[in-house]
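Numbering (my numbering), first residue to last: 42 to 173.
Structure representation (structure tokens):
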């Protein structure tokens, strides 16, 4: 069996203060997060030629062939989320922590990725893409 490798930009994303948000309003937070995944995250990742590798509860891991596309996608996500959350009280706002890592990945047949490039540090420790 041949190992398939490629160089990729990996975008790691999670919700800032997710535990705090769900303690305050679990159902409302989960509903909003699901809507944002469907209406913002999936289309914006796809629009920037990326793919979602996996969802991780309050986060996701995405692969891009271009670091420029990964960063542009991250900026678009942050902008769209800020616009959608503008009317939400500050303490209830969903914010994403997004980081981008560039490196070599091992590609599994099921589409999963392994390796230094895909074992991105938590979004809080990767190259951060700040909220607008």
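Virtual Cβ for every residue (Gly too), placed ideally from N, Cα, C.
Item                                                                                                                                     : Value
Work out the CA separation of residue 126 and residue 83 for me, nearest whole Å.                                                        : 18 Å
Check whether the stretch 125-145 and the stretch 52-68 are in contact - that is, three or more C-beta pairs closer than 8 Å.            : yes
Quick check: the Cα distance between residue 52 and residue 117, rounded to an integer number of angstroms?                              : 13 Å
Reducing DSSP to helix, strand and coil, say where residue 57 ends up.                                                                   : coil
Below 8 Å, can you find three or more Cβ-Cβ pairs linking the stretch 107-116 to the stretch 60-74?                                      : no
Along the chain, where does the beta strand (DSSP E) that runs through residue 113 open and close?                                       : Premise fails: residue 113 lies in the alpha helix (DSSP H), 108-126, not in any beta strand (DSSP E).
What do you get for residue 61, buried or exposed, if any count of 16 or more other CB atoms within 10 angstroms of its CB means buried? : exposed
Report the CB separation of residue 85 from residue 121 in whole angstroms; it is logged as a contact under 8 Å.                         : 7 Å
Starting from residue 149 and walking both ways along the beta strand (DSSP E), at which residues does that stretch end?                 : Premise fails: residue 149 is in no beta strand (DSSP E) and is neither H nor E.
Does residue 92 pass the burial test, meaning 16 or more other C-beta atoms within 10 Å, or should it be called exposed?                 : exposed
DSSP three-state label for residue 140, please.                                                                                          : strand
Secondary structure at residue 93, three-state DSSP: helix, strand or coil?                                                              : strand
Excluding sequence positions up to five away, which residues of its chain have a Cβ less than 7 Å from the Cβ of residue 75?             : none
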